[in-house]
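This report concerns only the one structure given below.
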Amino acid sequence: YPLQGQPPMMTHVYELDNINIAAAKGAAERIIHICNVGDNDKTKITQHIKSLASKGYRVIGVASALHTESQLPAMQDDFNWKFQGILAFYDPPKKNIPGVLKKFYDAKIDVKMITGDYAETAVNIAGQVGIFNHLKCITGEQVMSMKEDELLRVVKNSNVFARMFPDAKLKVIDALKANGEIVAMTGDGVNDGPALKSASIGIAMGQKGTEIARQAADLILTDDNLERMVTAISEGRKIFHNLKKAVRYIISIHIPIILTASLPVIFGWIYPNIFTPIHIIFLELIMGPTCSIFFEKEPVEENIMLQAPRERNGGIFTRGETLISVVQGIIIAAGAMILYYYFMKNGASLEETRTIVFTTLILSNVFLTFANRSFTKTIYYTSRYKNSLAPVILIISAFFLVSLHFIPFVRNLFQLATITQGQFWLCFGVSLACVMWFEMYKIVLLKPATR
């Protein structure tokens, strides 16, 4: 007879000398009930169970029955059961669990225990591993009796759920989702199947998990180590943050390219077409993608697991983040356009003006790449990040600049002219100023705790 009922029990029947011997195990209160234990004995047994459970033991009841009839009962409750006793198991949490849960809490992730064990057992184990508000325990029967609005409030403020069965577990998961939460659930038993299936992310144990749990889950922890979840969250946040860095960089660097190519035409400047297709191709297909790939290699920022998860319905950027990226691009464009206008008005040739503007954009591109390695920490900190592409970007950029200024073939290909050392350092200084204001923004306007 399979594990079934609320609370559950299961039965195996063995044949010995034409007699069927039934052995049952399950929730102690269920076993006591089917055995028709007297009130006095029931009270003693229940007190003993609570005493063991309060010490963190997992307790089950055991019963047996002799069945001489040829036809087995349709229901396992219908055997002539005899109470045999209770079994107490001590299944202590793994030593690393308190540390894992602390990392979850640091990452602003709520942790809830949903177990079929006694309330006393659940409270004891929850206290050992450091679950917040662990003394308040809700049972499966209470969950099933609650109205929807009450349950939505209870699941938000309660972290320990005991004596839970499949329907109750599923109801809690659905209530959390109805509150707008992203719910990741771990489980290993048959009873966890429906809830694992319903969770936003179902995570089954690979070693001790049942086949039903593994099939219902989205992910499987092959070594049953919950710390892998911390690593997965950290990697996920790293990917998301690096994607944001790359996209914000692309937004910022495209604004000056667009403006320096379009505004002179709109305003009717003497040199309206400062860039030819080869300059746009160089910036769009070489410098831009090279620096974007750089962000993929960025390491995890040290405070990434101390940040709260973003809103589920929020966009990839907040309004403030988008504004900063646009401002970065506009300031770089302003610096390039000032040099553009100054040299044009002071008699510089088209080639000289183009060289000044092009050099300024390339240098700004490099500075922007390194400034945007973090939107909260300054270059003083980010310079310590280990990124194998950092020296590559610098070497490639230096090589391009040297080629553009000192190799006649390359200079002629890009229709550039030679400029003085002073003009080059002017480009360097303007580029540095147009990007590094963001470092002052991080220092002055952001909270000291985030730097």
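Everything in the sequence shown is counted per our numbering, starting at 140 for the first residue and increasing by one. The beta carbon of each residue, even a glycine, is placed where N, CA and C say it ideally should be.
Tell me which residues share the same chain as residue i and place their Cβ nearer than 7 Å to its Cβ, disregarding the 5 neighbours each side in the sequence.
i	result
asparagine 511	Lys384, Arg387 and Tyr388
methionine 285	Val293
valine 311	Ile253, Val282, Val294 and Phe300
threonine 278	Ala258, Ala301 and Arg302
glutamate 491	Phe482, Ala556 and Ile558
alanine 447	Lys247
isoleucine 270	Leu240, Val250, Met252, Asn298 and Val299
cysteine 174	Ala202, Trp220, Lys221 and Phe222
glutamine 145	Phe304
leucine 191	Val198 and Ala227
isoleucine 264	Gly195 and Pro232
How close, in whole Å, do the beta carbons of residue i and residue j come, if the pair is a contact with beta carbons under 8 Å?
i	j	result
arginine 493	glutamine 554	7 Å
tyrosine 480	threonine 399	With a Cβ gap of about 11 Å, tyrosine 480 and threonine 399 do not count as contacting.
glycine 341	leucine 360	Glycine 341 to leucine 360, Cβ: 11 Å. No contact.
threonine 517	glutamate 578	5 Å
leucine 335	alanine 323	Rounded, the Cβ-Cβ distance is 10 Å, inconsistent with contact.
leucine 358	isoleucine 236	No, leucine 358 and isoleucine 236 are not in contact; Cβ-Cβ is about 19 Å, not under 8 Å.
glutamine 215	tyrosine 153	Wrong, their Cβ atoms sit about 14 Å apart, outside the cutoff.
Of the residues the options, which one's Cα is nearest the Cα of residue i?
i	options	result
lysine 275	Glu259, Leu290, Lys286 and Gln267	Glu259
tyrosine 524	Phe538, Leu552, Val541 and Glu441	Glu441
isoleucine 413	Ile425, Glu423, Ser536 and Ile396	Ile396
isoleucine 534	Ile546, Leu502, Arg550 and Gly319	Leu502
lysine 436	Phe379, Lys286 and Thr415	Phe379
asparagine 381	Val176, His273 and Ile455	Ile455
isoleucine 158	Thr207, Leu422 and Val496	Thr207
isoleucine 471	Ala261, Leu507 and Gly341	Leu507
threonine 415	Ala204, Leu584 and Leu489	Leu489
isoleucine 477	Ala572, Gly459, Gln560 and Asn526	Ala572
proline 267	Phe304, Lys234 and Asp288	It is glutamine, not proline, that sits at residue 267 in the sequence shown. Out of Phe304, Lys234 and Asp288, Lys234 has the C-alpha closest to the C-alpha of glutamine 267.
alanine 356	Ala338, Glu366, Lys347 and Arg367	Ala338
phenylalanine 228	Asp216, Phe218 and Asp256	Asp256
glutamate 287	Asn318, Ala265 and His273	Asn318
lysine 316	Leu291, Lys347, Thr325 and Thr185	Leu291
glycine 486	Phe548, Tyr410, Arg550 and Ala529	Tyr410
isoleucine 582	Arg449, Asn263 and Tyr519	Tyr519
lysine 484	Asn179, Trp408, Pro333 and Tyr140	Trp408
glycine 238	Arg367, Leu552, Pro438 and Gln467	Arg367
leucine 422	Phe539, Cys566 and Asn272	Phe539
cysteine 430	Ala213, Pro530, Leu584 and Gln210	Pro530
Beta-carbon within less than 6 Å of residue i's beta-carbon, same chain only, minus the 5 sequence neighbours each way: which residues are those?
i	result
isoleucine 532	Phe433
threonine 589	Low confidence applies here, because threonine 589 scores a pLDDT of 44, under 50, leaving its location unreliable; read the following figure in that light. Thr515, listed in sequence order.
valine 594	Residue 594 is absent from the structure shown; the chain starts at 140 and stops at 590.
tryptophan 576	none
Is the separation between the beta-carbon of residue i and that of residue j shorter than 8 Å?
i	j	result
asparagine 504	isoleucine 392	yes
threonine 499	valine 569	yes
isoleucine 160	isoleucine 199	no
threonine 349	aspartate 327	yes
arginine 451	isoleucine 351	no
serine 527	threonine 521	no
leucine 155	methionine 149	no
proline 147	alanine 166	yes
isoleucine 469	isoleucine 394	yes
isoleucine 171	lysine 181	yes
asparagine 330	lysine 308	yes
Ignore the nearest five residues each way along the sequence and tell me which others in residue i's own chain have a CB closer than 8 Å to its CB.
i	result
methionine 444	Lys242, Asp245, Ala246, Val369, Ile372, Ser373 and Arg376
aspartate 230	Arg197
isoleucine 419	Ile396 and Ala400
Is any non-hydrogen atom of the ligand FMN found closer than 7 Å to the C-beta of residue i, if you look at the structure I gave you?
i	result
valine 262	Of the ligands one can find in the structure shown there are none, so the ligand FMN has no counterpart to examine.
Against chain D, does residue i count as a neighbour if the rule is that its beta carbon must be under 8 Å from one of theirs?
i	result
glutamine 143	No chain D is present in this structure, which holds just one protein chain.
**Asked** Which runs of the beta strand (DSSP E), 3 residues or longer, sit entirely within the region 340-421?
**Response** Fully contained in the region 340-421 are the following beta strand (DSSP E) runs of length 3 or more, in chain order: 340-344 and 358-360.
**Message:** Threshold first: 4 residues or longer. Then list the alpha helix (DSSP H) segments lying entirely within the region 288-319, N to C.
**Reply:** Listed in chain order, they are 305-317.
**Asked** What residue ranges within the region 141-166 form continuous beta strand (DSSP E) runs of no fewer than 3 residues, ordered along the chain?
**Response** Listed in chain order, the complete beta strand (DSSP E) runs (minimum 3 residues) inside the region 141-166 are 148-155 and 158-165.
**Message:** If we require 3 or more residues per run, which beta strand (DSSP E) segments fall completely within the region 518-588?
**Reply:** Runs of the beta strand (DSSP E) spanning 3 or more residues and lying entirely within the region 518-588 do not occur at all.
**Request:** Run through the region 174-250 for me and flag every whole beta strand (DSSP E) of 3 or more residues, listed as ranges in chain order.
**Result:** Within the region 174-250, the complete beta strand (DSSP E) runs of at least 3 residues are 197-206 and 221-228.
**Request:** Only counting runs of 4 or more residues, tell me where the alpha helix (DSSP H) segments fall wholly within the region 439-491, in order along the chain.
**Result:** Segments of the alpha helix (DSSP H) lying fully in the region 439-491: 458-484.
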